[in-house]
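Under this note's numbering, the residues of the sequence shown are numbered 28 to 537, in order. Virtual Cβ for every residue (Gly too), placed ideally from N, Cα, C. Keep in mind that this is a model prediction, so the values were computed, not measured. Okay, structure first, notes after.
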Amino acid sequence: MPVLTDIFTARRDPLSEEGKRFVERAYAFAEHTHKDQLRKSGEPYLVHPLETARVISSWGLCMHAIAAGLLHDTAEDTPHTLEEIKKEFGEETSRLVDGVTKLGRFKFREKAQEDKKLELLREENFRKMILAISDDMRVIFIKLADRLHNMKTLSALPKQKQERIALETYDIYAPLAYRLGMAAVAGDLEDLALPYLFPKDYKWLQEHVPERLEKREKYLRGVKKIMEKELKTNGVEPVELSFRAKRLSSVHKKLKKYDMDIEQIYDLVALRIIVKTVEDCYRVLGIIHSLWKPLPGKIKDYIALPKPNGYQSLHTTVFCVDNKITEFQIRTEKMHREAQFGLAAHWAYEEEKKKNSYKKRKAVFANKKEAAWINELQKWQEKRGEAGEEFMDSMKMDFFRDRIFAVTPNGDVIDLPHDATPVDFAYHIHSEVGDECVRAKVNGKIVPLDCALKTGDIVEIQRQKGKKPSESWLRFVKTSLAKSHIKKIMRDKERGNPLSALWNKGRKKK
Ligand code: MN
Numbered sequence: 028m029p030v031l032t033d034i035f036t037a038r039r040d041p042l043s044e045e046g047k048r049f050v051e052r053a054y055a056f057a058e059h060t061h062k063d064q065l066r067k068s069g070e071p072y073l074v075h076p077l078e079t080a081r082v083i084s085s086w087g088l089c090m091h092a093i094a095a096g097l098l099h100d101t102a103e104d105t106p107h108t109l110e111e112i113k114k115e116f117g118e119e120t121s122r123l124v125d126g127v128t129k130l131g132r133f134k135f136r137e138k139a140q141e142d143k144k145l146e147l148l149r150e151e152n153f154r155k156m157i158l159a160i161s162d163d164m165r166v167i168f169i170k171l172a173d174r175l176h177n178m179k180t181l182s183a184l185p186k187q188k189q190e191r192i193a194l195e196t197y198d199i200y201a202p203l204a205y206r207l208g209m210a211a212v213a214g215d216l217e218d219l220a221l222p223y224l225f226p227k228d229y230k231w232l233q234e235h236v237p238e239r240l241e242k243r244e245k246y247l248r249g250v251k252k253i254m255e256k257e258l259k260t261n262g263v264e265p266v267e268l269s270f271r272a273k274r275l276s277s278v279h280k281k282l283k284k285y286d287m288d289i290e291q292i293y294d295l296v297a298l299r300i301i302v303k304t305v306e307d308c309y310r311v312l313g314i315i316h317s318l319w320k321p322l323p324g325k326i327k328d329y330i331a332l333p334k335p336n337g338y339q340s341l342h343t344t345v346f347c348v349d350n351k352i353t354e355f356q357i358r359t360e361k362m363h364r365e366a367q368f369g370l371a372a373h374w375a376y377e378e379e380k381k382k383n384s385y386k387k388r389k390a391v392f393a394n395k396k397e398a399a400w401i402n403e404l405q406k407w408q409e410k411r412g413e414a415g416e417e418f419m420d421s422m423k424m425d426f427f428r429d430r431i432f433a434v435t436p437n438g439d440v441i442d443l444p445h446d447a448t449p450v451d452f453a454y455h456i457h458s459e460v461g462d463e464c465v466r467a468k469v470n471g472k473i474v475p476l477d478c479a480l481k482t483g484d485i486v487e488i489q490r491q492k493g494k495k496p497s498e499s500w501l502r503f504v505k506t507s508l509a510k511s512h513i514k515k516i517m518r519d520k521e522r523g524n525p526l527s528a529l530w531n532k533g534r535k536k537k
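Right, here's the structure in full:
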């Protein structure tokens, strides 16, 4: 069972004394609120918030985020407790707890679309909504830490719940983590979901992969020895040489592409070399290529051209000892840390620098090698032309300010422009739903059809069979999709009217 001090020892950079006391108080509060509660697994409930907070701390996040991790399940459905948190721990922590609680209300359900493209769009909209609702980066980090622990204890839940949560993890949260540059977290989440989502494949993988992996690892120990010697001869001092076994979920993805043919996989295990400087990275690449011939098309320079999520590294695949095809990854310590913890690493860095001037902070973010979407964020910030202070302090996520994400009662997210109405929403579900729409409920209450929807609204459209849209809707709908449908029906109506048909005829002759 984890204990409070695990939160402190999990960090690379220690918390201040003030921060420690703050976290201790949050721990006492969580202990009190969850006392006598058990999880479905039979463990004391406290284990869950404690483990969540430990992970948040290991990512280097601030005391507010850690405290919110400890408190994240205490406010569920009770505004009473949220008020208390605010009084005890202040606005910042209570806002984070509130954000995580809100996120918990949105549940992604089983595949709804047969069409693969539509299904991908549906997932993408859900992810965008999660980001839009979070409005503070730290809310997402806390949610990811929460989900990691929930996935580790998923076996205790009923089967149906297991499947829903595993699917949501695999399709929504893992890709989100990946896009935030947290590849290790994304991979862990996928690995944990695998046995629930693909039980047959999982069994197959367990039977086929382990022995290959062991064989390869033995071989790689030999390659590692050669590399160590070569680096020494060439005067490169490595920080670390390690081999990594390709994680099960990525083996799975690749095998799917090759019809589960294990022979097609070159990189079941790879050698990773971590060095001090970028120059050393390229030197090491040169050393490897002077020893072994590279496979054409397999040399990837993600240092000069980082992946869109900011990932940096050099990759090459060579005909190695005994002509065995082997992958190498070369990177600096900084790149390695960011590849594992992604944006959380940047965020922690920003926290440390909080006392510096805004200009300095901005310079950090202006670095071209930063993750591409941090640049996006910065561009957006410049466009908005506001003082950056407040913005950077909370890392707000409202770059979706022109869009809103409203949800059907089934949990499908509809992506709409700002101020869109229930009629727009209805037309974006289906043209017939739009045409036959007579009434709308938002979060359980009947609303006028021209009201403006907000992100996170749950919208229920009531229909009347055979009903036609009203021309007056054109005055308030915001989307061109709704407009064009309404106009089309109006034209058809006109055509159906004998007088207007005559009139149209007369007009054509002219
Ligand atoms: Mn939780």
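Burial state of residue i, where buried means 16 or more other Cβ atoms lie within 10 Å
| i | result |
| --- | --- |
| Lys-273 | buried |
| Glu-45 | exposed |
| Arg-39 | exposed |
| Gln-356 | buried |
| Gly-214 | buried |
| Met-164 | buried |
| Glu-498 | exposed |
| Phe-346 | exposed |
| His-455 | buried |
| Asn-336 | buried |
| Ala-55 | exposed |
| Ala-509 | buried |
| Thr-36 | exposed |
| Pro-41 | exposed |
| Ser-43 | exposed |
| Ile-538 | With the chain running from 28 to 537 in the structure shown, residue 538 is simply not present. |
| Asp-451 | buried |
| His-457 | exposed |
| Ser-276 | buried |
| Ser-161 | buried |
| Leu-332 | exposed |
| Thr-60 | buried |
| Pro-475 | exposed |
| Glu-365 | buried |
Any non-hydrogen atom of the ligand FMN within 6 Å of residue i CB
| i | result |
| --- | --- |
| Asp-173 | Of the ligands this structure carries, namely the ligand MN, none is the ligand FMN. |
Closer than 6 Å: residue i CB and nearest the ligand MN heavy atom
| i | result |
| --- | --- |
| Asp-307 | no |
| Asp-218 | no |
| Asp-100 | yes |
Cβ of residue i within 7 Å of any chain B Cβ
| i | result |
| --- | --- |
| Ser-458 | The structure shown contains no chain B, having only a single protein chain. |
**Asked** Are three or more beta carbon pairs between the stretch 176 to 183 and the stretch 126 to 143 nearer than 8 Å?
**Response** The stretch 176 to 183, when compared against the stretch 126 to 143, does not touch it at the 8 Å Cβ threshold.
**Request:** Note down, one range per segment and in chain order, each alpha helix (DSSP H) of at least 4 residues found wholly within the stretch 72 to 98.
**Result:** Those alpha helix (DSSP H) runs which fall completely within the stretch 72 to 98 and span 4+ residues are 74 to 85 and 90 to 98.
**Message:** Please give the ranges of any beta strand (DSSP E) in the stretch 208 to 290, keeping only runs that are unbroken, at least 3 residues long and fully inside the region.
**Reply:** If we require 3 residues or more, the beta strand (DSSP E) runs fully inside the stretch 208 to 290 come out as 267 to 272.
**Asked** Is it a yes or a no for the stretch 185 to 204 touching the stretch 327 to 337, going by three-plus beta-carbon pairs under 8 Å?
**Response** No: fewer than three Cβ pairs fall under 8 Å.
**Request:** Determine, using beta-carbon pairs with one atom in the stretch 304 to 313 and one in the stretch 283 to 293, whether at least three such pairs fall under 8 Å.
**Result:** No, they do not touch.
**Request:** Report yes or no: do three or more beta-carbon pairs, one from the stretch 223 to 237 and one from the stretch 161 to 177, lie closer than 8 Å?
**Result:** Touching, no, given that fewer than three Cβ pairs across the two stretches are closer than 8 Å.
**Message:** Assess contact between the stretch 338 to 351 and the stretch 276 to 285, defined as three or more Cβ pairs (one per stretch) separated by less than 8 Å. Is contact present?
**Reply:** For the pair of segments examined, the stretch 338 to 351 was found not to touch the stretch 276 to 285: the number of CB pairs separated by less than 8 Å stays below three.
**Message:** Quick check: the stretch 52 to 66 against the stretch 121 to 129, are at least 3 beta-carbon pairs closer than 8 Å?
**Reply:** These segments do not touch.
**Asked** Along the chain, which unbroken stretches of the beta strand (DSSP E) at least 3 residues long are found entirely within the stretch 439 to 484?
**Response** DSSP runs (the beta strand (DSSP E)) wholly in the stretch 439 to 484: 440 to 444, 464 to 469 and 472 to 474.
**Message:** Give the list of continuous alpha helix (DSSP H) stretches no shorter than 4 residues that lie fully inside the stretch 135 to 164.
**Reply:** 143 to 161, all fully within the stretch 135 to 164.
**Request:** Would you list, in sequence order, the uninterrupted alpha helix (DSSP H) runs of no fewer than 4 residues that lie entirely inside the stretch 286 to 342?
**Result:** Runs found: 305 to 318.
**Request:** Report the residue ranges of all alpha helix (DSSP H) runs contained in full by the stretch 349 to 373; include only those spanning at least 4 residues, in chain order.
**Result:** Within the stretch 349 to 373, no complete alpha helix (DSSP H) run reaches 4 residues.
**Item:** Touching by the beta-carbon criterion (3+ pairs, under 8 Å), the stretch 28 to 35 and the stretch 347 to 354
**Value:** Contact check between the stretch 28 to 35 and the stretch 347 to 354: fewer than three CB pairs, one atom from each, fall below 8 Å, which does not count as touching.
**Request:** Tell me, please, whether the stretch 428 to 443 touches the stretch 477 to 487 by the rule of three or more beta-carbon pairs shorter than 8 Å.
**Result:** As far as the Cβ criterion goes, the stretch 428 to 443 touches the stretch 477 to 487, which means the pair count is three or higher.
**Request:** Please specify which runs of the alpha helix (DSSP H), each continuous and at least 4 residues long, are wholly inside the stretch 481 to 525, giving them in chain order.
**Result:** Uninterrupted alpha helix (DSSP H) stretches at least 4 residues long and entirely within the stretch 481 to 525 occur at 507 to 523, given in chain order.
**Request:** Specify whether the stretch 110 to 118 and the stretch 77 to 84 touch according to this definition: at least 3 beta carbon pairs, one from each stretch, less than 8 Å apart.
**Result:** Result no; under three Cβ-Cβ pairs closer than 8 Å.
**Request:** Entirely within the stretch 179 to 207 and at least 3 residues each: give me those beta strand (DSSP E) ranges in chain order.
**Result:** As far as the stretch 179 to 207 is concerned, it has no whole beta strand (DSSP E) run of at least 3 residues.
**Request:** Flag this pair as touching only if the stretch 510 to 518 and the stretch 463 to 475 have three or more C-beta atom pairs under 8 Å; answer yes or no.
**Result:** Taking 8 Å as the limit for Cβ pairs, the verdict is that the stretch 463 to 475 does not touch the stretch 510 to 518.
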